[in-house]
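Residue numbers (this note's numbering): 8 to 357.
Structure below.
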């Protein structure tokens with residue numbers, strides 16, 4: 008891919024445009040970890056700025072990058088498939104909007120080719136992640152642990168927040184290799200990782216911490232030492248993680264015996280995910296070739312649930328649970344196959 012551009016002084020790019028671009032990119036990075044509205048607004052501003060100076064982005068020719076090109080083709084398929092199966096209405100617009108990152112990813116990648124913009128992005132990404140990490144530690148204070156509404160909000164966001172902290176920690180570790188104060192960046196990364204392990208019951212985050220820590224050990228060494236570093240880092244992360252009550256709870260829940268959820272039983276995410284996976288396989292068998300439509304997933308999943316549980320005296324009460332009508336299977340591979348068919352899955356994997 009073309010290496011992109013470097014912000015220039017003078018008439019090539021107006022000063023107000025460069026300042027606005029930097030501000031929008033900083034906002035996008037800051038809000039990425041915790042605010043969908045903030046990231047959407049920042050991306051909209053970036054899009055408007057791109058329309059005002061299109062030559063900056065066209066010169067980088069992002070369509071020559073195969074992954075980005077596949078993303079654009081996938082977005083075109085999603086748009087066409089949704090309009091065909093849902094019609095031109097508000098529901099279709101909301102469904103298509105869920106995949107707007109496929110349109111904006113090339114624009115952000117072009118911006119991040121500039122070293123100055125890359126530094127701005129990382130600093131504000133870390134600032135937003137730091138705010139999220141401090142909030143999760145604050146939620147553990149005795150004065151806040153009794154606030155069920157607040158705890159429910161943190162619990163609802165734990166997957167996305169944990170993933171964001173892990174990715175930010177990894178980027179900070181990689182940046183530290185060339186930073187003037189490398190240990191400050193590494194300390195920040197360690198704080199993010201420890202937050203995921205000790206302040207969040209985020210199973211996805213726990214696994215991502217392990218995977219990215221192992222990869223960081225790999226890229227920081229060479230030759231035969233890479234395998235030693237890989238195993239050593241894995242051992243350290245597992246030892247530290249398993250000392251955390253949060254990790255222990257998620258491990259115990261993951262390996263809990265399969266049983267039927269009683270009507271009044273507190274929801275168990277592991278059991279729910281197992282059922283969602285079963286239903287997504289049922290949906291895929293019926294609609295995997297052509298796709299049922301991205302906006303129609305909740306409908307076809309409920310139909311699959313009624314067929315699976317309706318005549319089962321032990322599980323018929325599952326039809327009263329809200330997850331039966333979930334708009335997605337919480338698995339993007341299954342979502343692409345069920346929503347857009349085999350073509351969408353192939354584009355997503357590519």
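Using N, Cα and C, we set each Cβ at its ideal position, and we do this for glycine too. Bear in mind that the values here come from a model prediction, so they are computed numbers and not experimental data.
Taking a contact to require three or more Cβ pairs closer than 8 Å, the stretch 159–176 and the stretch 50–64 do not qualify as touching. The Cβ atoms of residue 336 and residue 345 sit closer than 8 Å to each other. Taking 8 Å as the cut-off, the beta carbon of residue 109 is found no closer than this to the beta carbon of residue 139. Taking residue 218 as reference, the option from 70, 72, 174 and 187 with the minimal CA-CA separation is 174.
In this structure, DSSP gives residue 106 a state outside helix and strand, which the three-state scheme calls coil.
With fewer than 16 neighbouring CB atoms inside 10 Å of its own CB, residue 19 falls in the exposed class. For residue 73, the secondary structure class from DSSP, reduced to helix, strand or coil, is helix. Its chain contains 49 as the residues whose beta carbon lies nearer than 6 Å to that of residue 34, once the 5 sequence neighbours on both sides are disregarded; these appear in chain order. Straight-line measurement puts the Cα of residue 235 at about 10 Å from the Cα of residue 221. Listed in chain order, the non-local C-beta contacts of residue 297 below 7 Å within the same chain comprise 348, local neighbours out to five positions each way being set aside. Across the structure, residue 210 and residue 166 are spaced so that their CA atoms are roughly 8 Å apart.
In the structure shown, residue 147 falls within a coil segment according to DSSP collapsed to helix, strand and coil. Counting other Cβ atoms within 10 Å of its Cβ, residue 191 stays below 16 and is therefore classed as exposed.
Annotated three-state conformation of residue 309 is helix, per DSSP. Taking C-beta atoms as the reference points, residue 223 and residue 177 count as a pair closer than 8 Å. Residues of the same chain with a CB within less than 7 Å of the CB of residue 99, apart from the 5 flanking positions on each side, are 89, 90, 93 and 302 in chain order. C-alpha of residue 329 to C-alpha of residue 82: approximately 29 Å in a straight line.
Residue 106 and residue 151 have their C-alpha atoms spaced approximately 35 Å apart. With fewer than 16 other Cβ atoms from the protein chains shown falling within 10 Å of its own Cβ, residue 255 counts as exposed. Inclusion of residue 137 and residue 182 in the CB contact set at 8 Å is not warranted, their separation being larger than that value. Counted as a single uninterrupted DSSP element, the alpha helix (DSSP H) harbouring residue 61 occupies residues 61–65.
Taking the Cβ atoms as the reference, residue 56 lies roughly 5 Å from residue 28, within the contact range of under 8 Å. Of the candidates 310, 47, 280 and 342, 342 places its Cα closest to the Cα of residue 295. Comparing C-alpha distances from residue 212 to each of 30, 186, 258 and 233 shows the shortest one belongs to 258. Cα atoms of residue 253 and residue 186: separation of roughly 33 Å, rounded to the nearest angstrom. Per DSSP, reduced to three states, the secondary structure at residue 267 is coil, with no helix or strand assignment. In the assembly as shown, residue 85 is a buried residue. Its beta-carbon has 16 or more other beta-carbons within 10 Å. Here the alpha carbon of residue 291 sits roughly 43 Å from the alpha carbon of residue 232.
Per the C-alpha coordinates, the member of 203, 180 and 204 positioned closest to residue 225 is 180.
Rounded to the nearest angstrom, the Cβ distance from residue 132 to residue 124 is 12 Å, too far for a contact under 8 Å. Residue 331 and residue 321 have their C-alpha atoms some 16 Å from each other.
Taking C-beta atoms as the reference points, residue 77 and residue 357 count as a pair closer than 8 Å.
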